[in-house]
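The opening position of the sequence shown corresponds to residue 1 in the UniProt record's numbering, with each subsequent residue numbered one higher.
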Amino acid sequence: MNRIWNSVVGKLWLTILLLVSFVLFIATVLQLEFLENYHSEQIRESLTQEAETIAQLFREHEGESMAFEVIPSILDEDTNVVVAQQPDEVTYYIHEGLNSERTRELILEEPAFQEVFETDQTVVKELILPSLQDENMLESFIVLASPLEAEEAVHGTVFIYQSLDVMQQTTRETTNTVFLSAFIAFILTTIFAFFLSTRITSPLRKIREGAMELAKGNFETKVRATSNDEIGQLAVAFNQMGRQLKHHLEVISQEKEQLSSILTSMTDAVITFNQDRTILVSNPPADQLIREWFYSRGADEEFLMPSEMLHMLDYVLEQEEELDEELEMEGIYYAITISPLYSGESVRGAVAVLRNMTEQHRLEKLRSDFIANVSHELRTPVQMLQGYSEAIMDDIVETEEERREVTKIIYEESHRMGRLVSDLLDLARLESGHMRLYRNPVAVKPAIERMTMKFAQAAREQEVRLSFNSPLSDQVIAEMDEDRIEQVMTNLIDNAIRHTPQGGDVTISVTKEQGFAKVAVADNGIGITVEDLEYVFERFYKADKARTRGKGGTGLGLAIARNIIIAHDGKIFAESALGEGTVFSFILPLKKL
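Pasting the structure below:
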């Protein structure tokens, strides 16, 4: 029943049936009431007419016997007549039955009929009287009492009565006919209602099936319009809605993909917050940043963001104003822009864009340090060149020997400035990636040994023992730019010799470690402090004890060496202990055979 009532067919069908049933019920009740009244009225009219006919007979015939002889011929079969001069004086009656005498007595004793003997009014009344066919039953009778007038005087009263069984039988037959008609009408209505509801709802079911397909994402679904009525117009509107939905979803999908691509390709972190500060949308850089916050702050925190950013977010959500700040959070510099997001006129959240400015800060510091270092490094040779050149111009230098000495100093300082400029250009090319490497397969052991032996004479002049050792065979090959690696070795060996006292040792070794060739330059010189060790590869950095200006360095050699090794996909390290010596080593990937 619930299934039928929950369908349009069932609802329409039951509605029509209930409406028709109600109409048929009302019509049947009214019709039965009308027929009952009609039959009763017909009996009254028939009895009244018969009473008038009997009265007419008494007026037309002089003797009662003549009238009594004619009376049976004008009465119906089921009609009974009693003629009485007084309530206790019956002069005539017909149609005897089982209880006819008792029936006549009850009629004459009825108070309503007592008045008829005294007045000239006709009285009609229904009475419950003994049945004329069954001795032990009572029946309903309709009784008419009418005065008999003859020769301008009342001759008596005629009582005409008839059992209502005839009327009830007619009423029952009529009722059966009415109910049969109502039942046939109900059956026909049921069939018609079912056919009509099915016909009407069939397009609706197709539209429902189409809507289910649309809900599944099949926007190619079409519903056939079989008529030009409202249902047909609904099918046309449904098809148009499907096309519009497909178009709008395609537009939304394109915009979503475009927005997703933009957010994904952005290097800045983008985070969208809800009104309650929960995160709605974030791009990959933002996800990485959130994970870092999670690991640094712990899972027990209610909000993983730093407190500085939470204060900015609260300000934007409360004041509904855009905020742009640069903050240092947990040792990292960020440029943060937070803008409110509106839904109508109310703020529904905020979007934050975070740009990591740590590298920019570092580069800015390096730039300022670079300018300061270059200025500092160039100031001394420039001042010396200026001072000695002025001495020559002012004829302060008198002897030829002094002139040659001054000229030599100017020559050396100019060469030093040239080396400084060349080193700066090399470093700039390496860091910018514009310096090209010419890599070739090179046997590592012979190449490093040859580079080492070039410093044998310089070591003897400094009274330093220079040695080379390697367990590798000559078949160990690495792809490298031999000239650039020689530049690295020159810098490392020269530094080691210059910073090793007389009688010291400088040892160069080449070993193999897990697919890499490791080259180490070790000395037992004065060493480098722990504080200075982490900065030795910075440009212009000079440790006070290990790398003094008096040794002739520019402060760029190790920075250049590090960039050359990195360009070869290798790494360079420094290990030192103050007063015990220093070891510079680098690794290069070997060629896979």
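Glycine included, each C-beta is placed from N, C-alpha and C at the ideal position.
- Per DSSP, the unbroken alpha helix (DSSP H) holding D483 starts and ends at E482 to R498.
- Taken atom to atom, the span from the alpha-carbon of E412 to that of G581 is near 30 Å.
- Under the three-state reduction of DSSP, S339 is assigned to strand.
- Judged by DSSP secondary structure, N356 falls within the beta strand (DSSP E) whose first and last residues are S346 to N356.
- Under the three-state reduction of DSSP, I279 is assigned to strand.
- When rounded, the separation of the alpha-carbon atoms in A237 and L249 is 18 Å.
- Inclusion of I497 and F455 in the CB contact set at 8 Å is warranted, their separation being smaller than that value.
- With a cutoff of 8 Å on beta-carbon distance, I128 and L164 are scored as not near each other.
- For the pair of segments examined, the region 257 to 267 was found not to touch the region 224 to 244: the number of CB pairs separated by less than 8 Å stays below three.
- DSSP places P501 in the coil class of the three-state scheme, outside both helix and strand.
- Judged by DSSP secondary structure, Q258 falls within the alpha helix (DSSP H) whose first and last residues are E230 to S265.
- A Cβ-Cβ separation of about 5 Å places T529 in contact with L578 under the 8 Å criterion.
- Between A352 and F273, the CB-CB gap stays under 8 Å.
- With at least 16 other beta carbons inside 10 angstroms of its own, P130 counts as buried.
- Excluding sequence positions up to five before and after A51, its CB lies within less than 8 Å of the CB of T122, L144, S146, V158 and I160, all in the same chain and listed in chain order.
- If the five residues before and after F68 are omitted, its C-beta is found closer than 6 Å to the C-beta atoms of Y92, all from its own chain and listed in chain order.
- V82: member of the beta strand (DSSP E) spanning T79 to Q86, first to last residue.
- Under DSSP, no beta-bridge partner is assigned to K11.
- Remark: C-beta atoms of I200 and L317 do not approach each other more closely than 8 Å.
- Distance from K591 to E479 at the Cβ level is roughly 5 Å; contact confirmed, criterion being Cβ atoms closer than 8 Å.
- In the structure shown, A225 falls within a coil segment according to DSSP collapsed to helix, strand and coil.
- Beta-carbon to beta-carbon, S470 and V510 are separated by about 4 Å, close enough to satisfy the 8 Å threshold.
- Pairing M451 with M489, the inter-Cα distance amounts to about 7 Å.
- Taken through DSSP and simplified to helix, strand or coil, E538 comes out as coil.
- For I107, the enclosing alpha helix (DSSP H) starts and ends at S100 to E109.
- In this structure A235 is buried. Its beta-carbon is surrounded by 16 or more other beta-carbon atoms within 10 angstroms.
- With fewer than 16 other Cβ atoms inside 10 Å of its own Cβ, H415 counts as exposed.
- Rounded to whole angstroms, D324 and Y334 show a C-alpha spacing of 11 Å.
- Cβ-Cβ distances below 8 Å link M329 to P306, E308 and M309 in the same chain, with the five nearest sequence neighbours on each side left out; the list follows chain order.
- Counting of Cβ neighbours within 10 angstroms places F586 among the buried residues, the total reaching 16 or more.
- In the assembly as shown, P285 is a buried residue. Its beta-carbon has 16 or more other beta-carbons within 10 Å.
- Secondary structure of I332 (DSSP, three-state): strand.
- Non-local beta-carbon contacts of E126 in its own chain, meaning distances under 8 Å to residues more than five positions away in sequence, involve S140, F141, I142, V143 and L164 in chain order.
- DSSP places I565 inside the alpha helix (DSSP H), whose first and last residues are G557 to A567.
- Bounds of the beta strand (DSSP E) holding S585 are G581 to P589.
- In the three-state reduction of the DSSP assignment, I526 falls in the coil class.
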